[in-house]
Amino acid sequence: MTTHAIHRDKQTGKSLWADAWSRLRHNRLAMFCLLVVILYTGVAMYGEIVYRWHQWHDVTPPYQRTNMELQYLPPSFLLSPFAVDDGEEVSSLKQAVTGISNLMRHPLGTDGLGRDVFQRMIQGTRIAYMVGIVTSLIALPIGVVLGCMAGYFGRRVDDFIVWIYTTFASIPGLLFILAIAMVVGQGLLGVYLGIGLTMWVGLCRLIRGEVIKHKERPYVTAAHALGLGHFRIIFRHILPNVFHVVIVSFTLFFPAAISTEVFLSFLGIGVEGEPSWGIMISNARLRLWHGIWWEMAAATTALFFIVLAFNLLGDAIRDALDPRLRTGK
Amino acid sequence: MSHSRRTYRFILWRATAACAIAFALAGCGGKDLQYDTDDEVVMYSETNRIRGLDPVKAGDVASSLAIARIYEGLYEYHYLDRPYRITPLLAVDKPEVSENGMVYTIRIRPGIYFQDDPCFVDTGGKGREVVADDFIYAIKRVADVKNASTGWWAFNDRIVGLNAFRDASSDGTPTDYDMEVEGLQALDSHTLQIKLKRPYPQLPWILTMHYAYAVAREAVDFYGEEFVNNPVGTGPYVLENWQRNYRIEFVRNTKWDETGRIETYPAENGLENNKTRLHRDPNKQIPFIDRIVQYVVRDRSTQWLMFLRGQFETSGISRDNFDAVITEDRALTDSLRKKGVELLTAPAMTIFYIGFNMEDNVVGQLDDPDLDLQNRRLRQAMAHAMHTEEWIEFFNHQITRPTGPIPEGMDGYREGGIPYPYDLNRARELMEKAGYPNGIDPETGRRLQLTLEIGAAESPEIRQQVELFSDFMSRIGIVIRPSYNNWPTFLDKIARGQAQMFSLGWVADYPDAENFLQLFYWPNRSPGPNHARYRNREYDRLYEKARVMPISPERSELYQRMSDMIIEDSPWIFSHTPLNYALHHAWLENYALHAFPYGMEKYLNVNVDMRRKWLEQYGR
């Protein structure tokens, strides 16, 4: 099978990306993880639409509306929604309809202020994605640009950039994030900057190493001979060849950023006034010993699967893009 | 060197204490911790860590409680009367106050003796009689910089010449306690005269605090640094044995019998609903209990289990086991009731509030009377939007809503309901009159946004509290933007008047409404305690008049008028007053919750037979 594939590759001359995709497609676990990631992305987008809609209409969204009468309702599937009151004659159709609507009302129960856990979980997904995307947008460009420059120019520039990232790396991450949150104030902005400005170091190292390898390659020498500018050589010639590193880094960076956000919010130094998973876990902790587990379960399960899916997918992409694995088999 | 040795000894003590507790708890049956109680009445209770027994230095509740068993002051709180009032303890009568309210003359009871102690070298260890100089000495010790007393605020700039004494004590030489302080004079051996710089009608409250308890100079000179561990007082109990961080034991002061000193249980009872329970022993001689044994138990669940096994007479209720102890209608669960456990509830003298910055353009006071009225209506609307029932439900019924700026139990307390009961229609109406129909700010066309500053974000309880409050406000169309700060930043913002709204609380120092009313006095504006920067000339005038008035119906009336002004202007939304809950076993008699419980154990009694039977039945 594999030999056959390689044989066919040679015949058709697939690009690196197409080849990687075909390899990925045959990895069932990876495809399942991709599906999970797409599902989460859809949920996050839905959450964003709900959030924007309520912002636009200037009303309090339902996941923020409290109702102390509905405090700590268990998930509706535990409440036997199809049960009928004694002595009441109800048609089976009506019974089914009320049962289903009961099931839909609070599918994952309510929290200490009577808010729907399911909706808050969706909003938590939105926050997690926002954090993952924005921090990537901050960290990846910094890591890529500095890494390319350090690797390509070498000498003083390299020394300087290496000095910067070793300095950053030597500051304990959490303290750095705390310090940034102090400066810009608590909330999402602090989380974005805190995570974004600390997590580019790993990527920068990898890119620098790759660029150093590539800059002695004949195609770079050829570009030099053609008299192309440094900028063009770096970003048009070398970068596409090391871009797989960025992709792999991104898939590993994303869940790490999400976990960090949850952790920060749990400690009370992250997101405020929005239903982050970390805040849900922190709130749920109060009553866990009373047997009120659903809020904790919803947030932790949601976090667990997204992190797992991204990590597995990241590994699979790395394998698919690794040239040694491609020829080695 | 000596420091390290002390540290080592301290660690050793802690280790010993830990082992001892472990053994005590591992041992079977409650008897291990307890005496055989055939010939004396012993009370067992739990205490927080006691730091020291020097009346001048203690600042924490556990130490103050212990000190008040051993030492006594001129006045004390009446055990059963509410609102709280003061009765003479070592004084003969109320202080004689001069016309201008600046000179207090207090006669001291003759025949009060210090306990026997080796420090009384002249008498061969026999305790001597208490004289006026003992009180002067005690107050001078508070003023002495070298003692770093936690109680200096109570006397600072109040007594003539005391600040000069303090300044003199700040140099390197040993403090000269013979230095004259003009404001503290012993007219004769049993008459104390205090001269004030200006009227200070709160002075008697201050004299009930442990900072003003009689201290024998011989004891301080004799024990030096070790005075903190060797208390010598006149009180109902003396220290028998103290193992730091583990166990403390007090026994009846035999000096009382020896010198024929007789104290009695109060004859009258102001606590209506507890009339019979607290009225078993009127006019009987106190103390009833011979020995008090206390253990330091840090772990809340261990405390609770020890109470359930009858090893402690009393217990508080932590938030964690609240639901397991209290039913929804705020009564005890059946299983506890059957065991004879009784529940007491009383509001604390504390008010938590959401304060408005009265200098803010949107929520504050303005010069233009129309705009000022609009802003006031906005504040009132927000007060009306607080859903009392849901708020109480959220706090698990551990709070009540205040009825005004003066908490229950104080003179001037406003009877009747919450000033702004939950009424959404009324709130929306007020919003409309304030210029925000449905909460829409005409300037932006969107809902009005207000910023609420919060002191600490770490606790999920506080966060949920804020979220619930925000939702209350969103029901009248106001969007609350919470801003979480760390505590110093928060205080700094308030001090500089940069907080639009803020959430804060105030705990009473003494049961005089003046302590709360000063929070709205303009000259006290932040960084002083008037954090809201409330400004009202008429109010200030009344306050200046009332604060120097002696306790009187006229003053109560002034207090009420001031309270009404605050309610009308609403610089605060009165959020909540925590409720104190306490449990005790039925065999502990005469137990009343007191906001200032210092020295009150002398009124308690233990029904030893009842306890023995209970332990036989349940104590396993």
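Protein chains in written order, with my numbering: chain D, 610 to 938; chain V, 114 to 733. Where a beta carbon is used, it is the ideal one built from N, C-alpha and C, also for glycine. Given the structure is predicted, the values throughout are model-derived calculations rather than measurements.
Tell me whether Arg-127 (chain V) is buried or exposed, calling it buried when 16 or more other Cβ atoms sit within 10 Å of its Cβ.
Residue 127 (chain V) sits at position 14 when you count from the first residue of the second sequence. Its pLDDT being 49, under 50, Arg-127 (chain V) is placed unreliably in this model, and the value from its coordinates should be taken loosely. So Arg-127 (chain V) counts as exposed.
Looking at Glu-159 (chain V): is its Cβ nearer than 8 Å to the Cβ of Tyr-408 (chain V)?
Numbered from its first residue, the second sequence carries residue 159 (chain V) at position 46. Numbered from its first residue, the second sequence carries residue 408 (chain V) at position 295. Yes, the pair counts as a contact, with Cβ atoms nearer than the cut-off.
Indicate whether the contact test is met: 3 or more Cβ pairs, each with one atom in the segment 676-689 of chain D and one in the segment 718-726 of chain D, closer than 8 Å.
yes
Return yes when the Cβ of Leu-309 (chain V) is within less than 8 Å of the Cβ of Ile-272 (chain V), no when it is not.
Residue 272 (chain V) sits at position 159 when you count from the first residue of the second sequence. Residue 309 (chain V) sits at position 196 when you count from the first residue of the second sequence. Result yes, Cβ atoms of Ile-272 (chain V) and Leu-309 (chain V) sit closer than 8 Å.
Is Arg-492 (chain V) close to chain D? Criterion is C-beta to C-beta, closer than 8 Å.
For the purposes of this step, residue 492 (chain V) is taken as the residue at position 379 of the second sequence. It does not; no Cβ of chain D falls within 8 Å.
I want to see whether chain V comes within less than 8 Å of Thr-675 (chain D), judged by CB atoms only; does it?
Taking the first residue of the first sequence as 1, we reach residue 675 (chain D) at position 66. Chain V, which has a Cβ nearer than 8 Å to the Cβ of Thr-675 (chain D), makes this yes.
Taking Cβ-Cβ distances below 9 Å as the criterion, which residues of the segment 658-671 of chain D are in contact with chain V?
Asp-667, Val-668 and Thr-669
Going by C-alpha distance, which of V:Arg-360, V:Ala-380 and V:Ile-402 is nearest Asn-366 (chain V)?
Numbered from its first residue, the second sequence carries residue 366 (chain V) at position 253. Comparing Cα positions, the closest option is V:Ile-402.
C-alpha gap between Asp-370 (chain V) and Arg-404 (chain V), whole angstroms
Indexing the second sequence from 1 puts residue 370 (chain V) at position 257. Indexing the second sequence from 1 puts residue 404 (chain V) at position 291. If you take the alpha carbons of Asp-370 (chain V) and Arg-404 (chain V), they lie about 15 Å apart.
Should Trp-665 (chain D) go down as buried or exposed, given a rule of 16 or more other Cβ atoms within 10 Å for buried?
The residue given as residue 665 (chain D) occupies position 56 in the first sequence. Classification of Trp-665 (chain D): exposed, given that the 10 Å Cβ count is below 16.
In whole angstroms, give me the CA-to-CA distance for Glu-472 (chain V) and Leu-802 (chain D).
Numbered from 1 along the second sequence, position 359 holds the residue referred to as residue 472 (chain V). Numbered from 1 along the first sequence, position 193 holds the residue referred to as residue 802 (chain D). Straight-line Cα distance between these residues: approximately 34 Å.
Bounding residues of the alpha helix (DSSP H) (the contiguous stretch that carries His-663 (chain D)):
Locating residue 663 (chain D) in the first sequence gives position 54, where the first residue counts as 1. Here the alpha helix (DSSP H) through His-663 (chain D) covers 637-666.
Own chain partners of Tyr-549 (chain V) with C-beta closer than 6 Å, once the 5 adjacent residues on each side are dropped
Counting from one through the second sequence, the residue named residue 549 (chain V) turns up at place 436. For Tyr-549 (chain V), where only same-chain residues beyond five positions count, the Cβ hits under 6 Å are Leu-561.
Considering only the alpha carbon of each residue, which of V:Ala-461, V:Thr-377, V:Leu-391 and V:Pro-395 lies closest to Trp-700 (chain V)?
In the second sequence, residue 700 (chain V) corresponds to position 587, counting from 1. Out of V:Ala-461, V:Thr-377, V:Leu-391 and V:Pro-395, V:Leu-391 has the C-alpha closest to the C-alpha of Trp-700 (chain V).
At a Cβ threshold of 8 Å, is Asp-436 (chain V) touching chain D?
If you number the second sequence from 1, residue 436 (chain V) lands on position 323. So, interface residue.
Is there a Cβ of chain V sitting closer than 8 Å to that of Glu-870 (chain D), yes or no?
Numbered from its first residue, the first sequence carries residue 870 (chain D) at position 261. So, not an interface residue.
To test your reading of the DSSP string, which unbroken beta strand (DSSP E) runs of 3 or more residues are found completely within the segment 643-700 of chain V?
685-698
Distance cutoff 8 Å, beta carbons only. Does Glu-881 (chain D) sit that close to anything in chain V?
As a working mapping, residue 881 (chain D) is identified with position 272 in the first sequence. Answer yes: the Cβ-Cβ gap between Glu-881 (chain D) and chain V drops below 8 Å somewhere.
Output yes or no for whether 8 Å exceeds the beta carbon distance between Asp-394 (chain V) and Asn-718 (chain V).
Along the second sequence, one-based indexing puts residue 394 (chain V) at 281. Along the second sequence, one-based indexing puts residue 718 (chain V) at 605. Cβ atoms of Asp-394 (chain V) and Asn-718 (chain V): closer than 8 Å.
With a cut-off of 8 Å, does the C-beta of Phe-123 (chain V) fall near any C-beta of chain D?
Residue mapping note: residue 123 (chain V) aligns to position 10 of the second sequence, counting from 1. Low confidence applies here, because Phe-123 (chain V) scores a pLDDT of 43, under 50, leaving its location unreliable; read the following figure in that light. Answer no: the Cβ-Cβ gap between Phe-123 (chain V) and chain D never drops below 8 Å.
List the residues of chain V whose Cβ lies closer than 7 Å to the Cβ of Ser-891 (chain D), in chain order.
Your numbering for residue 891 (chain D) matches position 282 in the first sequence. Result: Pro-573.
So, at 7 Å on beta carbons, what are the nonlocal neighbours of Gln-416 (chain V) in its own chain, with the 5 sequence-adjacent residues on each side left out?
Translated into the one-based positions of the second sequence, residue 416 (chain V) becomes position 303. Contacts found: Glu-159, Val-410 and Ser-428.
Identify which residue in V:Glu-506, V:Glu-566 and V:Phe-335 has its Cα closest to the Cα of Asn-599 (chain V).
Walking along the second sequence from the start, residue 599 (chain V) turns up at place 486. Per the Cα distances, V:Glu-566.
Considering only residues of the same chain and omitting the five flanking positions on each side of Thr-458 (chain V), which have a CB-CB separation below 6 Å?
As a working mapping, residue 458 (chain V) is identified with position 345 in the second sequence. Around Thr-458 (chain V): Leu-692 and Tyr-694.
Given 8 Å, three or more beta-carbon pairs between the segment 507-521 of chain V and the segment 656-666 of chain V
no
Are the segment 812-832 of chain D and the segment 785-796 of chain D touching by the rule of at least three beta carbon pairs closer than 8 Å?
no
Comparing C-alpha positions only, which one of V:Glu-503, V:Asn-649 and V:Phe-585 sits nearest to Tyr-541 (chain V)?
Along the second sequence, read from residue 1 onward, the residue named residue 541 (chain V) stands at position 428. As written in the sequence, residue 541 (chain V) is Arg, which differs from the Tyr given in the question. Closest by alpha carbon: V:Phe-585.
Beta-bridge pairing of Asp-725 (chain D) - partner residues as DSSP gives them
Position 116 of the first sequence, counting from 1, holds the residue named residue 725 (chain D). Answer by DSSP bridge pairing, in chain order: D:Thr-719.
Can you pull the chain V residues whose beta carbon is under 9 Å from the beta carbon of Leu-802 (chain D), in chain order?
Residue numbering aside, residue 802 (chain D) sits at position 193 when the first sequence is read from its first letter. Result: empty, since nearest Cβ-Cβ is about 17 Å, beyond 9 Å.
Gly-240 (chain V) and Lys-368 (chain V) closer than 8 Å at C-beta
Reading the second sequence from its first residue, position 127 is the one you call residue 240 (chain V). Reading the second sequence from its first residue, position 255 is the one you call residue 368 (chain V). Going by C-beta atoms, Gly-240 (chain V) is nearer than 8 Å to Lys-368 (chain V).
Whole-angstrom C-beta distance between Phe-227 (chain V) and Gly-346 (chain V), which should lie under 8 Å
The residue given as residue 346 (chain V) occupies position 233 in the second sequence. The residue given as residue 227 (chain V) occupies position 114 in the second sequence. Correct: roughly 7 Å between the Cβ atoms.
Out of V:Phe-687, V:Ala-645 and V:Ile-519, which has the shortest C-alpha to C-alpha gap to Asn-628 (chain V)?
Here residue 628 (chain V) corresponds to residue number 515 of the second sequence, with the count starting at 1. Answer by Cα proximity: V:Ile-519.
Does the beta-carbon of Trp-266 (chain V) have 16 or more other beta-carbons within 10 angstroms, so that it is buried, or is it exposed?
In the second sequence, counting from the first residue as 1, residue 266 (chain V) sits at position 153. It counts as exposed.
Identify every residue that forms a DSSP beta bridge with Glu-242 (chain V).
Here residue 242 (chain V) is taken as the residue at index 129 of the second sequence, counted from 1. According to DSSP, which records beta bridges pairwise, Glu-242 (chain V) is partnered with V:Tyr-226.
Chain-ordered chain D contacts of Glu-503 (chain V) [CB-CB under 7 Å]:
Along the second sequence, one-based indexing puts residue 503 (chain V) at 390. Near Glu-503 (chain V) (Cβ distances below 7 Å), the residues of chain D are Met-677.
From V:Pro-314, V:Val-154 and V:Leu-632, pick the residue whose C-alpha is nearest to that of Val-216 (chain V); which is it?
Counting from one through the second sequence, the residue named residue 216 (chain V) turns up at place 103. Cα-wise, what sits closest to Val-216 (chain V) is V:Pro-314.
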